[in-house]
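K.L.:
Attaching a single structure in structure tokens format; questions to follow.
Protein chains in written order, with UniProt numbering: chain A, 1 to 448; chain B, 1 to 353.
What follows is the structure in structure tokens.
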């Protein structure tokens, strides 16, 4: 709205230039190429050598501290191969990627966390198919469940990078011990436990779905987790691909199950208010009242471990820990909802393919895991390299043969639904709209 | 929070870079806008002096020369603007219109389907209604507030201080302002410590805290308050200047005729500042049509608060429905045109007078 602020325009321009200036100033550092390519620690990187001095640009949504760790994780690769990886993270990644690709400024590699978005770029012919080496590496290290999400029309585009497990309920082992509560193993047990806690006068659950312009996603995870538990994996797949309508009775019943907790004023929202307060509580803050004993349970992914204040002990005998979001019928296997990013490329230069292959390798997964705060579905990942207990538990769940893994449904759907009306529908649902009307509205917006 | 200089050193270095770059750029701009024109002016002066020294003009040809330099100088300033307008405005506008007749992926023609969609989806109709509410209320209330304030503080004691106070919000970015107000409207359950000013006031008076931003249509009005808060200062400054520019003899003559303050306002002040009033209303109207930051920051368009600009961004950039987003953009453009035409005609009329 620069109309009103002429004098400020100069300031804006000046500061934009200042930013560009400082950005170039810091990216032009680090020019030490592979002086030690033949040293023993570089033996593992022999296959990737031969592109000394080439540059590969990576653009993704991972920022700040996480981005620093990411860049650390491939520094050895850079040193040994002489390939320089130029990483850029952005909070507006999803919107900006489209703009950059349309504008002919696509990055070489990008980590796409939504298979729906990956599909769109692949269908538009923008993505390059993965090289034979990358494909072989991916097939060796990831289960077919995972690889199908980055396969479009029979073409494989890239391997998963990081993963997360979403089917977790956070709780306080200390409090559970004090009050004599047991970790539930079935959905019915979980509801009984909730009732028991509510009867003692405490709100059993904490929830929050506010997340800036992505508000609503934590609620979609609830629905997906319950879909996965109340229908077969096949029906779940049909639901995410519009094989069954969004307002199918089975979806209605999954929402009903989730509503037993989320829409029950006796059960939510510990520390924040009534049911409606879920829509306004940020997902980062949502679980924190567990530490003050204002609620007991919080369903959130493994990465929520990073949200606890410094000094909180996250462990089986600590201040907080998480248990597996129980199945309705444990005899039918262990459904797990999760997410992850896929390493896909807009260029097929040899050095780009080398980086893509490397990121699919067990060497990378282990190097990254050692730096902490990371889970990967890579089968070559040694659990002993994962320092933090909740990540360890996640890796174990992912590697468990009983696990029926399904990707986050909203990420599989077209963005107009998966990042649009599904999120918005959940906000309205929490805000009081009834289940049938919510689902009808979402169904009506599925792109034709 | 501990602040350790050693830890923050890289950030401080960046800050230093920023400062240096800022000085360089602003210095460059000043150089361009001040030193260069002055140099041209001095040269022209020197030429004129030279011409004058050469004695009586021998012919028209010699006198024309300085004028050509002036034309070049004009071009020097015009060319970048024209180029930038073309690249940054005209061409994208045409492209947007073209895209609005294509599908989400911009590869097939769909005719008027996107425009049909615009008026058939309940959600989008809600968006259009909200935008209408904004564009009626904001210019009206912001201008009225600014005008009343300007009249009231005119020639009062501490006028400068009073004016700065209401002008201050202008210096805050839209996003910043929205975050501030989001805290004002923040909610915590009954019996808990309220962190939002509004709910705290409600609790003090014995009421129950409410989730202000989740209750349509109240929430749209509360968002509108934010923009009024920002814009009233702008209206006040312009209108106050206009009031001060009313010739003293008119005011004096009215006084001698014995007008009441009420008559003074309606029959002297208001007609005299009419042109300034129109400029303010038009400027705020156009700005309001484009409102985006406030809605996006405060509610992200949820709870029935969405407006055209923010839905346009969602459709085009987040959902990959470029066609529908473009149709919204074109519609917004069409809405702005009459206001702009009115403004231009108004300016012309003034110039003729």
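Where is the CB? At the ideal position from N, CA and C, for every residue including glycine.
Are the C-beta of residue 321/B and some C-beta of chain A separated by less than 8 Å?
P.N.:
Cβ-Cβ to chain A under 8 Å: yes for residue 321/B.
K.L.:
Report the three-state DSSP secondary structure of residue 162/A (helix, strand or coil).
P.N.:
Residue 162/A: strand per DSSP, three-state reduction.
K.L.:
Return the CA-CA distance between residue 184/B and residue 269/A, expressed in angstroms with no decimal places.
P.N.:
Approximately 21 Å, taken between the alpha carbons.
K.L.:
Residue 427/A CB to nearest chain B CB: under 8 Å?
P.N.:
Yes, contact with chain B.
K.L.:
Closer than 9 Å, Cβ to any Cβ of chain B: which residues of the stretch 258 to 283 of chain A, in chain order?
P.N.:
Here the close residues are 269, 271, 272, 273, 274, 276, 277, 279 and 280.
K.L.:
Run through DSSP, which three-state label would residue 83/A get?
P.N.:
Note: residue 83/A maps to coil in three-state DSSP.
K.L.:
Grouping DSSP H, G and I as helix and E and B as strand, with all else coil, what is residue 122/B?
P.N.:
Residue 122/B falls in the helix class under three-state DSSP.
K.L.:
Relative to chain A, which residues along the stretch 171 to 187 of chain B have a C-beta separation below 9 Å, given in chain order?
P.N.:
Answer set for the stretch 171 to 187 of chain B: 171, 174, 186 and 187.
K.L.:
How would you list, in chain order, the residues of chain A whose beta-carbon sits under 9 Å from the beta-carbon of residue 130/B?
P.N.:
Chain A residues near residue 130/B: none, gap ~15 Å exceeds 9 Å.
K.L.:
Quick one, which of 324/A, 225/A, 371/A and 361/A has its alpha-carbon nearest residue 381/A's?
P.N.:
For the residues 324/A, 225/A, 371/A and 361/A, the minimum Cα distance to residue 381/A belongs to 361/A.
K.L.:
Any idea what DSSP makes of residue 188/B, helix, strand or coil?
P.N.:
Residue 188/B: coil per DSSP, three-state reduction.
K.L.:
Closer than 7 Å by C-beta to residue 343/B: which residues in its own chain qualify, once you throw out the five before and the five after it? Chain order, please.
P.N.:
Cβ within range, chain order: 282.
K.L.:
Please classify residue 252/A as buried or exposed, where buried requires at least 16 other C-beta atoms within 10 Å of its C-beta.
P.N.:
With fewer than 16 other Cβ atoms within 10 Å, it is exposed.
K.L.:
I need the boundaries of the beta strand (DSSP E) containing residue 358/B, first residue and last residue.
P.N.:
Lying outside 1 to 353, the shown extent of chain B, residue 358/B is not represented and no answer is given.
K.L.:
Just grab the DSSP bridge partners of residue 152/A for me.
P.N.:
DSSP, once it has assigned bridges, lists 155/A as partnering residue 152/A.
K.L.:
Near residue 317/B, which residues of its chain fall below 8 Å by C-beta distance, leaving aside the five closest residues on each side in sequence?
P.N.:
Hits under 8 Å: 325.
K.L.:
Who are the Cβ neighbours of residue 334/A in its own chain at under 7 Å, not counting the five residues just before and after it?
P.N.:
Here the set comprises 327, 400, 402, 403 and 404.
K.L.:
Could one say the Cβ of residue 14/A lies closer than 8 Å to chain B's Cβ atoms, at least one of them?
P.N.:
Model confidence at residue 14/A stands at a pLDDT of 45, short of 50, so the residue's coordinates are unreliable; what they give is reported in the following sentence. Interface residue, yes.
K.L.:
Label residue 203/A either buried or exposed according to how many other C-beta atoms from any shown protein chain fall within 10 Å of its C-beta, with 16 as the threshold for buried.
P.N.:
Under this definition residue 203/A is a buried residue.
K.L.:
Can at least three beta-carbon pairs, one atom from the stretch 391 to 398 of chain A and one from the stretch 152 to 169 of chain A, be found at a separation below 8 Å?
P.N.:
The stretch 391 to 398 of chain A vs the stretch 152 to 169 of chain A: in contact.
K.L.:
Use the C-beta contact count for residue 87/B: other C-beta atoms within 10 angstroms, 16 or more gives buried, fewer gives exposed.
P.N.:
Exposed.
K.L.:
Leaving out the 5 sequence neighbours to the left and right, which residues in its chain are closer than 7 Å to residue 150/B when beta-carbon positions are compared?
P.N.:
If we look at residue 150/B and ignore the five residues flanking it on each side, its Cβ neighbours are 236, 239, 240 and 243.
K.L.:
Are at least three pairs of beta-carbons, each pair with one atom in the stretch 106 to 115 of chain B and one in the stretch 191 to 208 of chain B, less than 8 Å apart?
P.N.:
The stretch 106 to 115 of chain B vs the stretch 191 to 208 of chain B: no contact.
K.L.:
Go ahead and pull the three-state DSSP assignment for residue 273/A.
P.N.:
Reduced to three states, the DSSP call for residue 273/A is coil.
K.L.:
Decide yes or no for the touch test of the stretch 203 to 219 of chain A against the stretch 411 to 431 of chain A: beta carbon pairs closer than 8 Å, at least 3 of them.
P.N.:
Contact holds: three or more Cβ-Cβ distances are below 8 Å.
K.L.:
Could you tell me if the beta carbon of residue 269/A falls within a distance shorter than 7 Å of some heavy atom in the ligand COA?
P.N.:
In the structure shown, the ligand COA is absent, as is every other ligand, since no ligand is present at all.
K.L.:
Distance, Cα to Cα, residue 119/A vs residue 152/A?
P.N.:
Taking the straight line joining both Cα atoms gives about 6 Å.
K.L.:
From residue 49/A to residue 355/A, what distance separates their C-alpha atoms?
P.N.:
Each residue's alpha carbon lies about 10 Å from the other.
K.L.:
Taking the beta carbon of residue 415/A as the centre, do at least 16 other beta carbons fall within 10 Å, making it buried, or is it exposed?
P.N.:
Residue 415/A comes out buried.
K.L.:
Against chain B, does residue 213/A count as a neighbour if the rule is that its beta carbon must be under 8 Å from one of theirs?
P.N.:
At least one chain B Cβ lies under 8 Å of residue 213/A.
K.L.:
Do you know offhand how far residue 186/B's Cα is from residue 198/B's?
P.N.:
Whole-angstrom Cα-Cα distance: 8 Å.
K.L.:
Give the interface partners of residue 94/A over in chain B, defined as CB-CB distance under 7 Å, in chain order.
P.N.:
Within chain B, the residues near residue 94/A are 318.
K.L.:
Over what stretch of residues does the beta strand (DSSP E) that includes residue 109/A continue unbroken?
P.N.:
Residues 109 to 112.
K.L.:
For a contact meaning CB atoms closer than 7 Å, what does residue 424/A contact in chain B?
P.N.:
Within 7 Å Cβ-Cβ: 302.
K.L.:
Can you list, in chain order, the residues of the stretch 211 to 238 of chain B whose Cβ is nearer than 8 Å to any Cβ on chain A?
P.N.:
Answer in chain order: 211, 213, 214, 231 and 234.
K.L.:
Anything in the stretch 105 to 116 of chain B with a Cβ closer than 7 Å to a Cβ of chain A? List those residues in chain order, please.
P.N.:
Cβ contacts with chain A come from 105.
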